[in-house]
Amino acid sequence: MTSRYSIFSLMRNAIGYHQGWQRAWRSPEPKPSYDAIIIGGGGHGLATAYYLAKEHGITNVAVIEKGWIGGGNTGRNTTIIRSNYLWDESARLYDKSLRLYEGLSQEINFNVMLSQRGVLNLAHNLHDLREISRRVNAIRLNGFDSEMLTTEQVQAMVPILDCSKDARYPVLGASLQKRGGVARHDGVAWGYARAADGYGVDIIQNCEVTGIVREGGKVTGVETTRGLINAPKVGIVTAGHTSHVAAMAGLRLPIESYPLQAMVSEPIKPVLDCVVMSGAVHAYISQSDRGEMVMGAGIDHFTSYAQRSTLAVVEQQMAAVIKLIPILSRLRLMRQWAGIVDTCPDASPIVSKTPVDGLYVNGGWGTGGFKGTPGSGWVFAHTMARDEPHELNAPFTLDRFTTGALIDEHGAAAVAH
Ligand code: FAD
Ligand code: PYC
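Per this note's numbering, the very first residue in the sequence shown carries number -15; after that it's consecutive.
Structure below.
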């Protein structure tokens, strides 16, 4: 342990307003040029920078963020992690991500508070039951964990859930992924930021990309609010604004952007020790370490870039959630917020080269990209470093929108599409 981290230093800082406290990452001035630029300092962008450095030895990298890192969807999501997707392509990509999550705190030496408390997807009707059990079988065929629970097993796991026969949303069963759970969202961004910074990656905040510079069909850099920055490789990782930024290079993407809202209650003693999701009700509920009930809704009904919450969604959402878990009617809501999510027609992401040489895009993760953060960064770093997709993201390139090989994950995306 260095003197900077000695017990005396910790005690001094505890009473000394953090004087002399080492910053977790630097705040450098942008250099005139880099080997690679990542636009967007969310979890996916930071993870990409980290894996570019760690796995591919590309360390002369800048992450350019218009606000503050993790201030986009990374810091706004309800932190649910799982890999229970239907199609082989998705199951492999999301499970790669889950496996990276399982070793992440150790790997980056930052506690991302992964809690594999189990994720339940409830079935309220026969259609749900068929869809969920089909998905459980598909996931098991891929060798990943997933199981069906009866109503009685669900009730035993979640005593506060209304599983009575005359419930507004009867519970006919559920799928359970025991390795699923939650992680601390901003911890994931901060951990990747510190680890990437440790390799020499420049994290540049309060710097908006306003243009993508090209010469002869090849990318050469980006215009920013802090001037021109050159690079032969540029990755767009700007969830919520992917199509807006891609348009700066003349690209039109098959993406629609919607607000997605969530909310938390006042804190209470522990009453829920797993994650409960209901696709039919468009609700997902977990309890945070502070005791707040974390609850999310389906996407807003209209496309919009207005990142704000609405009374209509609270009313609709609480009406549904209270039917599932009646005791929650006694709680006060404390906070409500929104993020903008980019959705693709098949509810699967795009992690791809583009028709512009040296320009890559990683977006369209919709309502479900937090769980994908490590895997996304890992395959996107490969794609940028080698100028070709890894086999895990080869099915998720832009090609699928012309070949028709779509990967329809509306059932697994569940809550929001
Ligand atoms: P972001 O964190 O949004 O990062 C993109 C960054 O790009 C932003 O910081 C933005 O400021 C920056 N940027 C944009 N334009 C520019 C520009 N021109 N120049 C520079 N920077 C720019 N997923 C799950 O798996 N589980 C969940 O439980 C879950 N719940 C959700 C709940 C809500 C309410 C929301 C909104 C989303 C939820 N998601 C969930 C989805 C998940 O949050 C996202 O898919 C994921 O966080 C996307 O990460 P990212 O790093 O790509 O995006
Ligand atoms: O993808 O698990 C998910 C999710 C939960 C809430 C929003 N997205």
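Cβ atoms here follow ideal geometry from the backbone N, Cα and C, with glycine treated the same way.
- Relative to the ligand PYC, the beta carbon of I334 is positioned no closer than 8 Å to any heavy atom.
- Burial is judged here by how many other beta carbons sit within 10 angstroms of a residue's own beta carbon; E375 has fewer than 16 and is exposed.
- Around the beta carbon of H285, fewer than 16 other beta carbons lie within 10 angstroms, which makes this residue exposed.
- Contact annotation: V120 and N190 have beta-carbon atoms that are not nearer than 9 Å.
- Spanning the alpha carbons of R152 and G205 requires a straight line of approximately 56 Å.
- Of the residues K15, L390 and G388, the one whose Cα lies closest to the Cα of I187 is K15.
- Remark: the shortest separation between the CB of I269 and any heavy atom of the ligand FAD does not fall under 8 Å.
- Here I(-9) is exposed, its C-beta having fewer than 16 other C-beta atoms within 10 Å.
- The three-state reading of DSSP puts G157 in strand, counting E and B together.
- Counted as a single uninterrupted DSSP element, the beta strand (DSSP E) harbouring R198 occupies residues V193 to E199.
- Going by C-alpha positions, H2 is about 21 Å away from P12.
- Rounded to whole angstroms, the separation of the alpha carbons of L312 and V305 is 8 Å.
- Under the 10 Å beta carbon count, D257 is surrounded by fewer than 16 other beta carbons and is classified as exposed.
- DSSP places N214 inside the beta strand (DSSP E), whose first and last residues are G211 to N214.
- A distance criterion of 8 Å places the beta-carbon of L244 in contact range of the ligand FAD, judged by its closest non-hydrogen atom.
- Cβ-Cβ separation between I53 and T208: approximately 16 Å, too far for a contact (criterion under 8 Å).
- D72 carries a helical assignment under DSSP once its states are collapsed to helix, strand and coil.
- Taking A246 as reference, the option from V265, R316 and V278 with the minimal CA-CA separation is V278.
- In this chain, W9 is not harboured by any alpha helix (DSSP H), its DSSP state being neither H nor E.
- Taking C-beta separations shorter than 7 Å and ignoring five residues to either side along the sequence, the partners of G224 in its chain run G56, N57, S241, G323, I324, V325 and D326, following chain order.
- For D170, the three-state secondary structure derived from DSSP is helix.
- Shown here for L133: same chain residues with a beta carbon closer than 8 Å to its own, the five before and five after excluded, namely L104, M141, G157, A158, S159 and L160 in chain order.
- At least 9 Å separates the beta-carbon of M97 from that of G4.
- In this structure F385 is in contact with P238, their Cβ atoms being roughly 5 Å apart against a cut-off of 8 Å.
- R168 and T338 do not touch by the CB rule: their CB atoms are close to 33 Å apart, not below 8 Å.
- Of all C-beta pairs linking the region 25 to 43 to the region 354 to 371, three or more are shorter than 8 Å, placing the two stretches in contact.
- Taking each of M(-5), A264, V45 and G356 in turn and checking the Cα distance to K80, the smallest one comes out for G356.
- For E240, the uninterrupted beta strand (DSSP E) segment begins and ends at E240 to P251.
- If you check the CB distance, V221 and N346 come in under 9 Å.
- Between the C-alpha atoms of W174 and G29 there is a straight-line separation of about 12 Å.
- The residue from I23, N(-3) and A8 with its alpha-carbon nearest to that of S227 is I23.
- Annotation for A322: the continuous beta strand (DSSP E) segment containing it runs L317 to T327.
- Not a single heavy atom of the ligand PYC lies less than 8 Å from the C-beta of I123.
- As computed with DSSP, Q271 is found in a beta bridge with M277.
- The Cβ-Cβ distance between A233 and R210 does not fall below 9 Å.
- The residues V248, in chain order, have a CB closer than 6 Å to that of R319 in the same chain once the five nearest residues on each side in sequence are set aside.
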